[in-house]
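Everything below concerns the one structure shown next.
There are 2 protein chains.
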Amino acid sequence: MSERIIKAFKTAETEKISHLDYFNIAVSVDCVILGYENKQLKVLLIKSDLEEFSGLNSLLGDLVRPDEDLDEASYRILRERTGLNDVYLEQVQTFGRIGRHPSGRVVTTAYFSLLDLHHHQLRLSHNDLHWHPISKVGKLAFDHKDILDSCLHRLRQQVLERPLIFSLLPEKFSLRQLQEVYEAILGTELDRRNFRKKVSLKDWLVDLGEMETDVPHRPGKLYKLNPALKKRLRARLRVS
Amino acid sequence: MSERIIKAFKTAETEKISHLDYFNIAVSVDCVILGYENKQLKVLLIKSDLEEFSGLNSLLGDLVRPDEDLDEASYRILRERTGLNDVYLEQVQTFGRIGRHPSGRVVTTAYFSLLDLHHHQLRLSHNDLHWHPISKVGKLAFDHKDILDSCLHRLRQQVLERPLIFSLLPEKFSLRQLQEVYEAILGTELDRRNFRKKVSLKDWLVDLGEMETDVPHRPGKLYKLNPALKKRLRARLRVS
């Protein structure tokens with residue numbers, strides 16, 4: 022295609038000079054770390070150290086440093102605050118409403134992870150960092166309740182489509198255990214027969230031909246995750 | 022839980038003063054607008070007006086204004102550059118590598134849409150704005166090739182799970198037309214029999230009991246999208 026217009030190019034420098042008041046934003050990262058334990062879904066919260074939000078909990082977050090990539094910042098913050106360094110973080114969504122932060126314009130990117138709490142030990146010393154049951158989360162600092170709700174909404178959509186939650190189960194599990202994880206995540210009780218029918222339509226499970234032992238109820242059949250999916254799941258959890 | 026430590030609160034103001042060099046970032050929006058036309062997937066590109074990227078195409082993007090919400094900026098930019106004002110934009114991912122922009126630190130959020138080009142007229146006057154076949158996209162300005170590839174990757178994952186692409190088809194369509202759309206998006210030819218088997222396993226289609234007319238090949242059966250899904254798809258496209 023021929024160029025019909027003679028264009029006036031800008032340089033990166035003149036572009037910046039003509040937009041100086043645009044370069045006044047800070048970017049932060051907020052980590053939405055969900056954990057499963059004792060049939061409950063929990064989220065990692067910390068007491069806000071800002072006077073404006075005194076008494077409120079917030080997600081784990083911090084400003085991105087001037088010399089730091091956005092994705093790197095998420096891992097740095099999680100490591101610094103919790104000691105966790107073997108967790109895959111998935112970027113979920115960026116929140117950029119004006120006025121969302123009292124210090125000035127701060128645009129924040131939310132990162133998400135879903136953990137089995139039995140396999141992850143935290144250093145829980147810092148600012149009342151704690152696992153908070155999702156069902157009991159009230160008001161949070163900043164727009165963190167919106168951020169949490171967006172992540173939950175997305176997780177609830179995805180658990181029905183992809184085998185995300187098998188990282189929360191032991192190697193061998195019963196359909197009862199599987200249903201308990203789903204109920205914790207979806208925040209609702211599921212009909213046992215409907216649930217089993219739906220799950221059986223997926224190619225997610227392999228019947229091991231074994232039964233549960235030492236359980237306080239009628240032993241159920243044991244299953245494992247379809248090995249083909251396990252490979253895909255591992256790839257997903259490790260490679261960004 | 023009792024508070025074991027007496028905490029020194031910061032205020033929003035002292036927090037900002039101690040992090041002044043963090044508030045030097047600009048945030049931009051880049052729109053990845055994909056369109057389907059004549060069995061081809063295309064992306065909306067524009068000639069970069071930065072000297073540093075002279076001769077290269079870029080995605081449609083701009084800096085977010087100081088008084089503008091992030092999501093609003095995406096619609097403003099699309100409207101200003103193309104005249105399009107009836108398109109749903111989905112936020113996809115934020116790119117925040119240091120050094121990605123020659124003017125300074127600019128973190129960019131990518132927004133995505135998938136259009137049937139027959140239903141959307143653009144004002145194509147501005148800076149060689151044009152529809153570029155995906156298969157012929159070469160080097161792009163900034164990290165826009167990475168951004169485009171990430172969006173494509175996500176779209177290709179999702180079209181197999183969700184009935185996203187029916188907005189690209191007429192009300193009544195044949196399996197041949199459906200396969201053509203899939204092939205354009207996935208960028209690969211599909212085996213006809215395998216494709217039909219896979220599609221028939223979904224609950225997406227309703228057989229209309231009618232045949233194609235006026236086609237240069239053997240007429241095929243006509244289908245429509247399952248009305249239940251159509252409702253969900255509409256809700257998805259309209260409500261953010």
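These protein sequence lines map, in sequence, to chains A and B. Quick note: the first sequence uses my numbering, first residue 22, plus one each step. Quick note: the second sequence uses my numbering, first residue 22, plus one each step. The beta-carbon is built from N, C-alpha and C at its ideal position, and this holds for glycine as well.
Residues near A:R121 in its chain [Cβ-Cβ closer than 8 Å; skip 5 each side]
Translated into the one-based positions of the first sequence, residue 121 of chain A becomes position 100. V127, T129, F163 and D164, listed in sequence order.
If you measure between the beta carbons of B:K63 and B:P184, is that distance less than 9 Å?
Numbered from 1 along the second sequence, position 42 holds the residue referred to as residue 63 of chain B. Numbered from 1 along the second sequence, position 163 holds the residue referred to as residue 184 of chain B. No, Cβ-Cβ distance for B:K63 and B:P184 is not below 9 Å.
Backbone secondary structure at A:N247 - three-state DSSP:
In the first sequence, residue 247 of chain A corresponds to position 226, counting from 1. Coil, per DSSP.
Taking B:R75 as the query, report the chain A residues whose CB atoms sit under 7 Å from its CB, ordered along the chain.
The count along the second sequence starts at 1 and reaches residue 75 of chain B at position 54. Note that residue 75 of chain B is Ser in the sequence shown, not Arg. Ordered by position in chain A, the residues that pass the 7 Å Cβ test against B:S75 are F30.
Whole angstroms are fine: how far does the CA of B:A249 sit from the CA of A:K218?
The count along the first sequence starts at 1 and reaches residue 218 of chain A at position 197. The count along the second sequence starts at 1 and reaches residue 249 of chain B at position 228. Their Cα atoms are separated by approximately 21 Å.
Evaluate A:E192 with the Cβ neighbour count: other Cβ atoms within 10 Å of its Cβ, from every protein chain shown; 16 or more gives buried, anything less gives exposed.
For the purposes of this step, residue 192 of chain A is taken as residue 171 along the first sequence, with counting starting at 1. The residue in question, A:E192, is exposed, as its Cβ has fewer than 16 Cβ neighbours within 10 Å.
Taking B:L150 as the reference, which of B:K242, B:L99, B:F44 and B:I119 has the closest Cα?
Locating residue 150 of chain B in the second sequence gives position 129, where the first residue counts as 1. Measuring from the Cα of B:L150, the nearest candidate turns out to be B:L99.
Please work out which residues of its chain come closer than 7 Å, Cβ to Cβ, to A:E73, disregarding the five sequence neighbours upstream and downstream, and give them in chain order.
As a first step, residue 73 of chain A must be located in the first sequence, where it is residue number 52. The answer, listed in chain order, is P123.
For the putative contact between B:L199 and B:L190, defined by C-beta atoms under 8 Å, what is the C-beta separation to the nearest angstrom?
The count along the second sequence starts at 1 and reaches residue 199 of chain B at position 178. The count along the second sequence starts at 1 and reaches residue 190 of chain B at position 169. Sure, about 7 Å apart at Cβ, within 8 Å.
Report yes or no: is there a C-beta of chain A within less than 9 Å of the C-beta of B:D51?
Taking the first residue of the second sequence as position 1, residue 51 of chain B is located at position 30. Cβ-Cβ to chain A under 9 Å: no for B:D51.
For B:K37 and chain A, any beta-carbon pair shorter than 9 Å?
Taking the second sequence and counting its residues from 1, the one referred to as residue 37 of chain B is at position 16. Answer yes: the Cβ-Cβ gap between B:K37 and chain A drops below 9 Å somewhere.
Whole-angstrom distance between B:C52 and B:V158, CA atom to CA atom
Here residue 158 of chain B is taken as the residue at index 137 of the second sequence, counted from 1. Here residue 52 of chain B is taken as the residue at index 31 of the second sequence, counted from 1. Near 16 Å, if we compare the C-alpha coordinates of B:C52 and B:V158.
Determine whether the beta carbon atoms of A:S134 and A:Y109 lie at a separation below 9 Å.
Counting from 1 along the first sequence, the entry for residue 134 of chain A is found at position 113. Counting from 1 along the first sequence, the entry for residue 109 of chain A is found at position 88. Yes, the Cβ-Cβ distance between A:S134 and A:Y109 is below 9 Å.
Closer than 7 Å by C-beta to B:R144: which residues in its own chain qualify, once you throw out the five before and the five after it? Chain order, please.
The residue given as residue 144 of chain B occupies position 123 in the second sequence. Contacts found: T103 and G104.
Thinking C-alpha only, which one of A:D167, A:F116, A:K31 and A:V202 is nearest B:E89?
Within the second sequence, residue 89 of chain B is the residue found at index 68, counting from 1. Of A:D167, A:F116, A:K31 and A:V202, the residue nearest in Cα terms is A:F116.
Cα separation between B:K251 and A:T234?
Here residue 251 of chain B is taken as the residue at index 230 of the second sequence, counted from 1. Here residue 234 of chain A is taken as the residue at index 213 of the first sequence, counted from 1. About 47 Å.
Determine whether the beta carbon atoms of A:L80 and A:A131 lie at a separation below 9 Å.
Residue numbering aside, residue 80 of chain A sits at position 59 when the first sequence is read from its first letter. Residue numbering aside, residue 131 of chain A sits at position 110 when the first sequence is read from its first letter. In contact: A:L80 and A:A131 (Cβ atoms closer than 9 Å).
Cβ neighbours of A:D83 in the same chain (closer than 6 Å, five flanking residues each side left out)
Taking the first residue of the first sequence as 1, we reach residue 83 of chain A at position 62. Excluding residues within five positions, the ones whose Cβ falls inside 6 Å are I98.
Any beta-carbon of chain A closer than 9 Å to the one on B:N78?
Here residue 78 of chain B corresponds to residue number 57 of the second sequence, with the count starting at 1. Taking Cβ atoms only, chain A never reaches closer than 9 Å to B:N78, which makes this a no.
Going by Cα to Cα distance, which pick from A:F30, A:Q114, A:L136 and A:D42 is closest to A:G56?
Along the first sequence, read from residue 1 onward, the residue named residue 56 of chain A stands at position 35. Checking every option, the nearest Cα to that of A:G56 belongs to A:L136.
Nearest neighbour of A:L71, chosen from B:L91, B:A33 and B:W152 [CA to CA]
Residue 71 of chain A sits at position 50 when you count from the first residue of the first sequence. A:L71 has its Cα closest to that of B:A33, out of B:L91, B:A33 and B:W152.
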